[in-house]
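The structure appears below as structure tokens.
Written out as structure tokens, the structure reads:
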């Protein structure tokens, strides 16, 4: 670390920077501060610099690498992981496979907000539509039985009727919301469901 960088203060924690890193926009921070900022934000895109809001594509570590300090190796691993994801350099397929649990966690987290619930509802309607179409064209019900043909047809008609009601409800909720308040479509659909 250069003499000018020894007294670098982190603008996030307001202390002397521990494991200092410099962003591509030239601002210095503690690596743990930026890493936790990244981990608690939307991890699908690069973070914005807390000072100038420019996208941080690379973090340059300003500390010496030593093999003995476990915390330092951990921080350096996070910095390298961040740089691999957002620097624009090509990544190996194994890197994407190692990211799969992380993205599954993000997917699970996204399903429990308002937008995720709307998408779950729309997926449910799509699956119901697919099931109704598969049931209507299924050759298994073409075999005549005593009452199985009539009951199967009645069952199919009920499923199609319920599917049409759900689609009409979605359409009625989205059309007025689109003209008055475009950002509250999710709220309108879910409020009538509950």
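Residue numbers (this note's numbering): 7 to 200. By construction, the Cβ of each residue, glycine as well, lies at the ideal position given by its N, Cα and C atoms.
Span separating the alpha-carbon of residue i from that of residue j
{"i": "residue 172", "j": "residue 158", "result": "21 Å"}
{"i": "residue 170", "j": "residue 113", "result": "29 Å"}
{"i": "residue 8", "j": "residue 20", "result": "Because the pLDDT of residue 8 is 44, which lies under 50, any placement of that residue in the model is unreliable, and the number read from its coordinates should be weighed accordingly. The straight-line gap from Cα to Cα measures roughly 20 Å."}
{"i": "residue 102", "j": "residue 41", "result": "20 Å"}
{"i": "residue 131", "j": "residue 138", "result": "10 Å"}
{"i": "residue 125", "j": "residue 117", "result": "8 Å"}
{"i": "residue 164", "j": "residue 123", "result": "25 Å"}
{"i": "residue 80", "j": "residue 128", "result": "41 Å"}
{"i": "residue 44", "j": "residue 31", "result": "16 Å"}
{"i": "residue 134", "j": "residue 121", "result": "20 Å"}
{"i": "residue 14", "j": "residue 23", "result": "6 Å"}
Reduced DSSP secondary structure (H/G/I, E/B, other) of residue i
{"i": "residue 35", "result": "strand"}
{"i": "residue 22", "result": "strand"}
{"i": "residue 78", "result": "helix"}
{"i": "residue 1", "result": "This structure leaves residue 1 out entirely; the chain is present only between 7 and 200."}
{"i": "residue 27", "result": "strand"}
{"i": "residue 84", "result": "helix"}
{"i": "residue 46", "result": "coil"}
{"i": "residue 97", "result": "coil"}
Closer than 8 Å: residue i CB and nearest the ligand NAD heavy atom
{"i": "residue 47", "result": "This structure does not include the ligand NAD; it has no bound ligands of any sort."}
Buried or exposed (CB count within 10 angstroms, at least 16 for buried), residue i
{"i": "residue 62", "result": "buried"}
{"i": "residue 27", "result": "buried"}
{"i": "residue 53", "result": "buried"}
{"i": "residue 178", "result": "exposed"}
{"i": "residue 55", "result": "buried"}
{"i": "residue 16", "result": "buried"}
{"i": "residue 136", "result": "exposed"}
Cross-strand partners of residue i (DSSP beta bridge)
{"i": "residue 15", "result": "22"}
{"i": "residue 61", "result": "54"}
{"i": "residue 66", "result": "28"}
Pair every Cβ in the stretch 95-115 with every Cβ in the stretch 60-68, then say whether three or more of these pairs are closer than 8 Å.
no
Looking at C-beta atoms only, is the number of pairs between the stretch 81-92 and the stretch 26-44 that lie closer than 8 Å three or more?
yes
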